[in-house]
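Just below is one structure, and these are the notes that go with it.
Numbering (the working numbering), first residue to last: 1134 to 1387.
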């Protein structure tokens, strides 16, 4: 079947996800992460795209980017090919590293731009890697708060949305990231989307309850075990929360 054409962003801004083929790890150590960021910087200088955010996870990457002279697809192919060439040389392997086609979504207004930015930076927290965004060194979050001018992130545009005064903007930026992001941003997983009727049946059967809300009455340990199973079955955090009445924070921590 022919592939569906990508939706073109009116602003040229996109949220991109690159993932390892078959969920393969793409960053084995710090050197790998450094090399990928160097690759991003190299092609940023050549292709003149604007980079607003990034987060390097174990087997996938989030990028918030605005295309410029070169079409985004070409830039992503260059970035991917360059990193894979180095990675294969280092680990004495051959073949693909990234999934054939990167995922993307358009970002066409400032409100959603900031929502995606926060979503990307909060990824390590939601994955349970760190408890504070500042603790994760492979995202662009700390670069926004740094006193030195960096060459990778185009911070002025984003900070300008918060305030014209850079110091005030950084303070607002930091406060903004303390709020839990609940926008429907592009996700890394490819889990099946269940209709609420199907999801209710799964919850009742899996948790051995009469009503979905009965999950709240279970002991914490048993409740969390059931939540983990529900997530493994493919139910989203948002859907479990909506149908059971349990807060998203509890579901994310389970």
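Backbone N, C-alpha and C fix where the C-beta goes; we use that ideal spot for every residue, glycine too.
Quick one: Cα of residue i to Cα of residue j, how far?
| i | j | result |
| --- | --- | --- |
| residue 1192 | residue 1364 | 19 Å |
| residue 1258 | residue 1208 | 29 Å |
| residue 1309 | residue 1273 | 15 Å |
| residue 1245 | residue 1238 | 11 Å |
| residue 1323 | residue 1200 | Low local confidence applies: a pLDDT of 49 at residue 1323 is under 50, so the model's placement there is unreliable, with the coordinate-based value given in what follows. C-alpha separation (whole angstroms): 26 Å. |
| residue 1210 | residue 1337 | 45 Å |
| residue 1374 | residue 1331 | 15 Å |
| residue 1355 | residue 1372 | 19 Å |
| residue 1224 | residue 1276 | 30 Å |
Is the Cβ-Cβ distance between residue i and residue j less than 7 Å?
| i | j | result |
| --- | --- | --- |
| residue 1184 | residue 1198 | yes |
| residue 1376 | residue 1345 | yes |
| residue 1149 | residue 1235 | yes |
| residue 1229 | residue 1159 | no |
| residue 1146 | residue 1240 | yes |
Please indicate yes or no: does the CB of residue i lie closer than 6 Å to some heavy atom of the ligand NAP?
| i | result |
| --- | --- |
| residue 1215 | Questions concerning the ligand NAP fall outside what the structure shown contains, since it holds no ligand whatsoever. |
Does DSSP classify residue i as helix, strand or coil?
| i | result |
| --- | --- |
| residue 1147 | strand |
| residue 1375 | helix |
| residue 1323 | Its pLDDT being 49, under 50, residue 1323 is placed unreliably in this model, and the value from its coordinates should be taken loosely. Coil at residue 1323, not helix or strand. |
| residue 1139 | coil |
| residue 1237 | strand |
| residue 1251 | helix |
Original post:
Just checking, does the stretch 1363 to 1380 make contact with the stretch 1284 to 1302 on the three C-beta pairs under 8 Å criterion?
Top reply: no
**OP:** List in chain order: all unbroken beta strand (DSSP E) runs of 3+ residues lying wholly within the stretch 1159 to 1210.
**Re:** 1183 to 1189, 1193 to 1199
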